[in-house]
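Enquirer:
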Amino acid sequence: MGLLKEFDQGQLTQTGQELHRLAADLYPICRSLTGDGIRRTLTLIKSRIPLQMFEVSTGTALFDWTVPKEWNIRDAYIAGADGKRVVDFQQCNLHVMNYSVPVHAAMPLGELRPHLFTIPEHPDWIPYRTSYYKEDWGFCLSHNQMLALEDGDYEVCIDSTLEDGHLIYGECYLGGRSLDEVLISCHACHPSLANDNLSGLTVATYLAQFLCGRDLRYSYRFLFIPGTIGAITWLARNRETAGRIRHGLVLTCVGDEGGFHYKKSRRGNAEIDRAVAHVLSYSGESAEILEFSPYGYDERQYCSPGFNLAVGCLMRSVWGTFPEYHTSADNLDFIRPLQLAGSLRVCAAVLDVLENNRRYRNLNPYCEPQLGRRNLYRSTGGETIGAEINARLWVLNLSDGEHCLLDIAERSGLPFSAISEAAELLCESGLLALVAEDDGGEQPRRPIAMKVPRTCHAERSEASAFPSPSKADSSSLRSSE
Amino acid sequence: MGLLKEFDQGQLTQTGQELHRLAADLYPICRSLTGDGIRRTLTLIKSRIPLQMFEVSTGTALFDWTVPKEWNIRDAYIAGADGKRVVDFQQCNLHVMNYSVPVHAAMPLGELRPHLFTIPEHPDWIPYRTSYYKEDWGFCLSHNQMLALEDGDYEVCIDSTLEDGHLIYGECYLGGRSLDEVLISCHACHPSLANDNLSGLTVATYLAQFLCGRDLRYSYRFLFIPGTIGAITWLARNRETAGRIRHGLVLTCVGDEGGFHYKKSRRGNAEIDRAVAHVLSYSGESAEILEFSPYGYDERQYCSPGFNLAVGCLMRSVWGTFPEYHTSADNLDFIRPLQLAGSLRVCAAVLDVLENNRRYRNLNPYCEPQLGRRNLYRSTGGETIGAEINARLWVLNLSDGEHCLLDIAERSGLPFSAISEAAELLCESGLLALVAEDDGGEQPRRPIAMKVPRTCHAERSEASAFPSPSKADSSSLRSSE
Amino acid sequence: MGLLKEFDQGQLTQTGQELHRLAADLYPICRSLTGDGIRRTLTLIKSRIPLQMFEVSTGTALFDWTVPKEWNIRDAYIAGADGKRVVDFQQCNLHVMNYSVPVHAAMPLGELRPHLFTIPEHPDWIPYRTSYYKEDWGFCLSHNQMLALEDGDYEVCIDSTLEDGHLIYGECYLGGRSLDEVLISCHACHPSLANDNLSGLTVATYLAQFLCGRDLRYSYRFLFIPGTIGAITWLARNRETAGRIRHGLVLTCVGDEGGFHYKKSRRGNAEIDRAVAHVLSYSGESAEILEFSPYGYDERQYCSPGFNLAVGCLMRSVWGTFPEYHTSADNLDFIRPLQLAGSLRVCAAVLDVLENNRRYRNLNPYCEPQLGRRNLYRSTGGETIGAEINARLWVLNLSDGEHCLLDIAERSGLPFSAISEAAELLCESGLLALVAEDDGGEQPRRPIAMKVPRTCHAERSEASAFPSPSKADSSSLRSSE
C-alpha cells in the first residue's frame, strides 16, 4: 500500500551509488536516434527489468513523420599531416556530430572549418550537435582544440553508415489491477551525456525495478525511447490504447545538484500535476512548478492536442538553463548519487499518491464519530490534539464521496502520507469506506496467459537496495503484447 | 429594517458594561457537560430571553454517541495532615478536573501526584482539565501550589456524583417571516472561564434580546449547549429540520482584547462567510479570516459532511493561541466591556446583512435613469459625486436580478449599509423592485397558536441598553415545539 | 490582415503632429450638449471621414430622459462701471457656465457672487461648470480675477438662447464582412478642453480614417456624441441593433503625458477587456487596468444592465485625478503629439487583435507535425529555438478548435502579433485551418445599394500619414441607414 514507506526502508545512500554505477556503465556508449548504441543500452537495462524491445523499419509512416535511416558509427577522426589524430571519436563520442554521413577525405583547414563546432565561452568543453533530418557531417571539439589546429591539410574520416534499418525502443509494462496506466518516459538517444539523460534512464530503471512484482492499482508502462521520433513512434503504434494513460511523467535531467523543477501537463491541473506539486512541497529540497509550454522533451508529443495526455516533466535543473547542458561537461561528475536517489524517492512518493489517491465515504457523516472510545483520540480534555488526530478529523470531514485524499491533503496542509494513513486507520475502524470508482476496467487478478520475464526477480533479489515486497505476486507482472 | 442602525442608537459603553455584568453573574458557577451548573446558568439566561430548556436522559443514543451520566459536585479539596485545605474547590472550581468521579481517601503525596495538573510555564495559573469519557479523578492547581506541597499524607476528597440523569441545553427560538433560520450557537459547559465562553454566552443572550420582538426576515435559533455532545444532541434530535439553517455562527472567545478572527464554514464561500468577512473589513478592528478546519468548537458538528451547514465561528483571539486559554487567567479581567460590546455590534451588523441581502431589479435597465430630476444626483455638472450617489449608481448598475446587495457591496468596495440604504431609497423612488425569492416557505404573519414567554418583553424594557423596536410585534416571537 | 503592421508603416511623429493640429482646429469652438458648437465640430470631422449627422428634436423621449432644449451662445461678459469687460467669453469660452440661461442686468458684486465659480487652489485657472438640467446662469473665472473684482455694480450679460431645437450627434459606420460591430465612442460636448475630450475626438477620427476602405472582419461604428444624453439618445434610437456591438471602447483623455488606464467593461473579462490588457502590456508605457465602476463616461450607458455591452474605456490619466481636469489648464499644451499618436497606435493594436482573434484547428493534432521538412524549424539539433518557432509550437499545441489566438498569446506570454503571424504561416503551410464561427451574420461582400461618402477616399489620399491599404475596397465602406 504505502510505496513511499516501503521505499524509505531502503538505504538512500546505497541506492544512489547503485544508480550512479548504472549511469557509469551506460556512459561510454555512443547512442543516437537509431543504431547499435541504443540497442546495447536497452540490452543492459533489460538485464534489470522486464523490457521488451521493439524495432520499426526505416520508412515506416508515423503520423506526419517517417522512421529515419539507421545510423551506426565505428570510428571517426581528424588527423594531421603526420597521421596523428587531433580529434578522435575514440576519446569522446561527442566529437562526431550525431547522424553524420560517412566521409573520408583530405582537405585544407579552411574547407574543414564549416564542419567544426565549438563553444568559445567554455573553451575546454566539447559541444553536442546532431543533424538528424538533414544529411550532413561535422565534428565537435573544444575551442582550445580548434585554436591549436594549424593551417594545412587534414585527413577527415567518419566511418559511419546511414542506411535502411530500424528504429528501436524499449518498453517495460508492469500490469496492475487496472488497465489504466501510469506512463514513465525517458529519452535514450543521447551519447555520453550524463544528466541528459542517463539520469532519467537510471531513475526509470530503478523505479521499474522497485515496482516489479508488487500488487499495484495501476498498470505501469516505462518507455526508453529515442527523443521525439521515439515518442511519435510509440504513440502512432499505440494510438488506440494511449488513452489508457491516466498519469505520466517524462524524466530528464534528474541527477544534477539543482533543485527540482516540474513542468505541468498541458491540462495544467491534472492529478499528476497536483500530485507532483504536493510531493515536491514536502521534498525538503527547493522546488519550482513550471507552467506547460510546448517546447521541451517528449511531453511535447504526449501533450499534443490530439492526445492531450496528463503527462508532465520532472527535472532538477531545466535543460538549456545550465551551462553544462549539451556539452561534454554534462559528465559523470555532474550527476550525484544522492541527487539521483532523491529523484527516485520523489518518483516513489508521487506513485504513492497516485496509487492511494481514492475517494472515501464517512460512514458516520452526521456529526463526528466518537473517536475516543475507539482509542483514536486523546483522552484528557483541555489539551490540544496532534497531527495524527488532526489528519483523522480532516479525512472524516471531507470524505463525502466527492473529495479524494489528495484534495484533503491539499486543503488540510498535511502531507499525503499522513492523510493516507489516517484513511487506512479509519477504514480498519469501520468509520470509512472506499468509494468504488471506474478505473477503466479492472484486470482479472490472475490473468491466464502470462509471460513473466525471468530477469525481473533475479535482478531484484541480487542487486537491489530496495526491500522486497511482502507478497511478491508474480502474476501481476506482465509484458506488453 | 436596518438592524445595525438601530443597534447604533444604543450606547456601546453601557451595553459593554451590561454584558460584563452578566458574565460576572455567571462566572462563579461550576458548569460542566451536564449537571446543575449548566442548569443554573440557563435559568439565569432564561430570565432575560425566551429560553426553552430541554433535558435528555443519560444513555440516549445520538448518532455515534450516547448521553453521558450527569455529573454534579458539591465540594472537593486536598487537605494536609493538619486538616487545612491546600487545594480547595470552594476557592476556584477549576481545581477539580471536570467530571472527576468521587473519591475520599488518604494517600501520600507520591500517590497523589499523577492526579495533579499544573502549568509550569505559568506557575500562578490553574489549568482547566476534563475527563468526560474516561472515568478518572484529578486536581488542577497552580505550579507554585504544587511546589509548596510537602511530603506526607493528604486527605483527598471529591464530593461528586456521576449518575444517570440528564443532559440539559437551552434553546431560544425567535420566529421570523421565513421558516429559514439563522443559528447562533455557543457552548455553556465551561466552569469559571470568562472568554471561553462566558463571552459567547453573554453576547448571544444580548443578541437574542436585541432581536426579540422585531419583525424579522429569518427565524433565529440560539443554542446554549454543552460543547460537542450538546451540538450532537441537538442535531440528532432535529435532524430533519436542521436543513432550515441557512446561516449560522458559533460564538466563542469574543471578549478579549485581541482582533477578530472568523473561521469560515466548510463550504468556504457561504453567504455567512462573505457577510462576516465584509462586516469585519469595516469593523475598525484588526480582523483575520481563517479557512475552515475540522478541529475547533461546535462548527465541527454543524459542518460534518452529513449536515454541511453554513456555520462559521466568530472569535477574537483563537482558542489555544493565547496563554490564558483554559487556565484560571481567563478570568473576568481578561474580558473587556468594550470588546464584548464590539463583538455584539459585529453580530448585529452581520445579521443586518443577512436580513437585508436581497436581489433587486432595476426597473429602468436601459441606460441610467435620470437621477437629477428625482433629486438623487448633484445639480452642478463638472464636480465629482459623493459616496451616496456612487452607491446608487452601483445598485442600479448591478441590480439585474442576479446580483444580491452583498455582491454589490463587495464589488463596489462600499459598505453594505451604504448599498442597502441606496437600494431602499431607489425602491422608494420607484426605480428598483425587490426580486421575489423562495425563502423556504414564509410563515403566516400571525400564527394561530403562540406561546410568548413572558420574560422577553419584561426584560427588554427593564434592562436593555437597546432602543425598542418601533413596532414590537409579539406575534413574530415564538418558542420552539 | 495585420492592422498594427500596416499602422507601423506610417510615421508616428508625423501622425502625432496631425492629430494635434486637428485638436488645435477644434479647440476654440464652444461646444455644449447641443447647439452650433457641436454642429461645427462634427462638420469639421466630416471633412475627414464619412460621417452622418443626426438631429433629434427637443422633447423627444429617450428611455427615462427627454432631449433637452438647444443651447446657443453668442457672447457673454461681466463689465465694470467703466464698461470694461472684466470677464469675457470671447477670451475663453469656459468663462460661461455651460447651458446658462440668458441674462442682461446690472447688479452689485454681492448679488453677482453666488454666480461666480473659481478654483482657489489654482488661482490662475478657470473652472469648467455646467448646468444642463437646472435652468441657471453663472460665470467661471480664475480666482485671481475674482479677487481683483472691486465692490460696485457690474453689467452682467449672457447672450444665449435656450430653446426648442435639436440634439445633434455624428456617426461614422464602416461596413465589414460581418454585421457584428466594434463601437468607438467619444463625447464631443466639452468646450475648450483639450484632453477631455479633443484627444478622444481626434484619435477616433484618425482611427476611422485609418480603417476607411480596408477589408475588415467587423463593421465599425464611431460615435461623436454629447456625453450621457448622446449615448442615451443613440441607444434609445438603436435599441434593437445595439446587440450587434460585440466590442467597444470609449476614448477619453488620451492625449496627456500620463500612463495608460483601461477601465474594464461591466462584464470584466470580455474579449475587449483582454485585448486591451494584452496590448497595453506590450505598449512600452506604464499601464494600469481598472475594474469597472458605474461612474465615468458613456460606458455608464453602454454597460447599463439592460444593454451590458462589452464596452470599456481607454484613458491615459483618469478624469478627476489630475488637477488640470475640467479647468482651463486642460489646454493644447496639456496634450502632446506623441501621446496622441501612441494612443492611436494602441487602438490600432487592439483592433488588430479583434480582427484577427480567431480559433484554428491543428490539422495534425497527433504529435507535432515535422516542421523541419517545411523549413519551419531550425536545422541543427542541440541548439535552442527562437521566438518565432516557439510561437509556432504554441499555436499548434493549443489550436484544438477551443482556444482563440488571444488565449494562446496570453498563455504563451508572447505578443498577439507573433502568435497571429505564426497562425498565418501555419495556415499557408497547410498545418492549420480556421474554425468557422458564427459572426452574427456575414454581410454580402458586394452589397447592392451603397452610398459611399465621397469624403473618405479624398481625405485619405490627401491628408493621411497612414499607408494606403493595398486593396482599397470601396464596397466595404458604407454609411448607416
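Residue numbers (this note's numbering), protein chains in the order written: chain S, 1 to 481; chain C, 1 to 481; chain L, 1 to 481.
A virtual CB, placed ideally from N, CA and C, is assigned to each residue, including glycine.
#1: On the three-pair Cβ rule with 8 Å, is the region 72 to 84 of chain S touching the region 167 to 176 of chain S?
#2: When you compare only the Cα positions, how much space is there between residue 267 of chain C and residue 265 of chain S?
#3: Of all the CB atoms in chain L, is at least one closer than 9 Å to the CB of residue 265 of chain S?
#4: Sorted by chain position, which residues of the same chain lie with C-beta nearer than 6 Å to residue 39 of chain S's C-beta, five sequence neighbours on each side aside?
#5: Residue 131 of chain L: beta carbon under 8 Å from a heavy atom of the ligand MG?
#6: Please work out which residues of its chain come closer than 6 Å, Cβ to Cβ, to residue 62 of chain S, disregarding the five sequence neighbours upstream and downstream, and give them in chain order.
#7: Applying the criterion that 16 or more other CB atoms from any shown protein chain within 10 Å of the CB defines a buried residue, is residue 21 of chain S buried or exposed?
#8: Please check if any C-beta of chain S sits within less than 9 Å of the C-beta of residue 455 of chain C.
#9: Do three or more CB pairs link the region 340 to 348 of chain C to the region 387 to 407 of chain C at distances below 8 Å?
#10: The beta strand (DSSP E) that contains residue 148 of chain S, what's its start and end?
#11: Would you identify the three-state DSSP class for residue 215 of chain L, choosing helix, strand or coil?
#12: Fully enclosed by the region 352 to 392 of chain C, which beta strand (DSSP E) runs are 3 residues long or longer?
#13: At least one CB of chain C closer than 9 Å to the CB of residue 236 of chain L: is that the case?
#14: Would you say residue 469 of chain S lies against chain L (beta-carbon separation less than 9 Å)?
#15: Which one of L:247, L:59, L:419 has the shortest CA to CA distance from residue 394 of chain L?
#16: For residue 5 of chain S and residue 279 of chain S, I'd like the C-alpha separation in whole angstroms.
#17: Note the first and the last residue of the continuous alpha helix (DSSP H) segment covering residue 430 of chain C.
#18: Give a yes or no on whether 9 Å exceeds the smallest Cβ distance from residue 137 of chain L to chain C.
#19: Should residue 232 of chain S be flagged as near chain L, meaning a C-beta pair shorter than 9 Å?
#20: Can you grab the Cα-Cα spacing for the pair residue 149 of chain L / residue 8 of chain L, in whole Å?
#21: Classify residue 18 of chain S as buried or exposed, calling it buried when 16 or more other Cβ atoms lie within 10 Å of its own Cβ.
#22: Compile a chain-ordered list of the residues in the region 364 to 380 of chain S whose CB is closer than 8 Å to at least one CB of chain C.
#23: Quick one: Cα of residue 102 of chain S to Cα of residue 146 of chain S, how far?
#24: Apart from the five residues just before and just after residue 230 of chain C, which ones in its own chain have a Cβ nearer than 6 Å to its Cβ?
#25: Out of L:391, L:221, L:364, point me to the one whose CA is closest to residue 433 of chain L's CA.
#26: What would DSSP say about residue 224 of chain C, mapped onto helix, strand or coil?
#27: Please confirm if the region 303 to 311 of chain S is in contact with the region 104 to 112 of chain S, defined as three or more CB-CB distances below 8 Å between the two stretches.
#28: Mind reading off the beta-carbon distance from residue 157 of chain C to residue 126 of chain C? Whole number of angstroms is fine, and I expect it under 8 Å.
#29: Spell out whether any CB of chain S is found under 9 Å from the CB atom of residue 64 of chain C.
#30: If we cut at 9 Å on Cβ distances, does residue 324 of chain C have a partner in chain S?
#31: Could you check where the beta strand (DSSP E) with residue 52 of chain S kicks off and where it finishes?
#32: DSSP on residue 28 of chain C, reduced to helix/strand/coil?
#33: Could you work out which residues of chain S lie near residue 390 of chain L, taking near to mean beta carbons separated by less than 7 Å?
#34: Going straight from the alpha carbon of residue 226 of chain C to that of residue 50 of chain C, what length do you get?
#35: Verify the CB distance criterion: does residue 393 of chain L have a CB-CB separation below 9 Å to chain S?
#36: Could you check which residue in L:162, L:52, L:355 has the C-alpha nearest to that of residue 99 of chain L?
Expert: Here's the rundown:
#1: no
#2: 29 Å
#3: no
#4: 168
#5: Of the ligands one can find in the structure shown there are none, so the ligand MG has no counterpart to examine.
#6: 232, 233, 236
#7: exposed
#8: At residue 455 of chain C the pLDDT is 38, less than 50, meaning the model places this residue with poor confidence; the figure from the coordinates comes in the next sentence. By this cut-off, residue 455 of chain C is not an interface position.
#9: no
#10: Run containing residue 148 of chain S: none; DSSP gives neither H nor E here.
#11: coil
#12: 359 to 362
#13: yes
#14: Because residue 469 of chain S carries a pLDDT of 46, less than 50, the predicted location of this residue cannot be relied on, and no value is offered for it.
#15: L:419
#16: 14 Å
#17: Unbroken run through residue 430 of chain C: none, as it is neither H nor E.
#18: no
#19: yes
#20: 54 Å
#21: buried
#22: 364, 365, 366, 367, 368, 369, 370, 372, 373, 379, 380
#23: 21 Å
#24: 169
#25: L:364
#26: strand
#27: no
#28: Actually they are not in contact, since the Cβ atoms of residue 157 of chain C and residue 126 of chain C sit about 18 Å apart, beyond 8 Å.
#29: yes
#30: no
#31: 52 to 57
#32: coil
#33: 295
#34: 19 Å
#35: yes
#36: L:162
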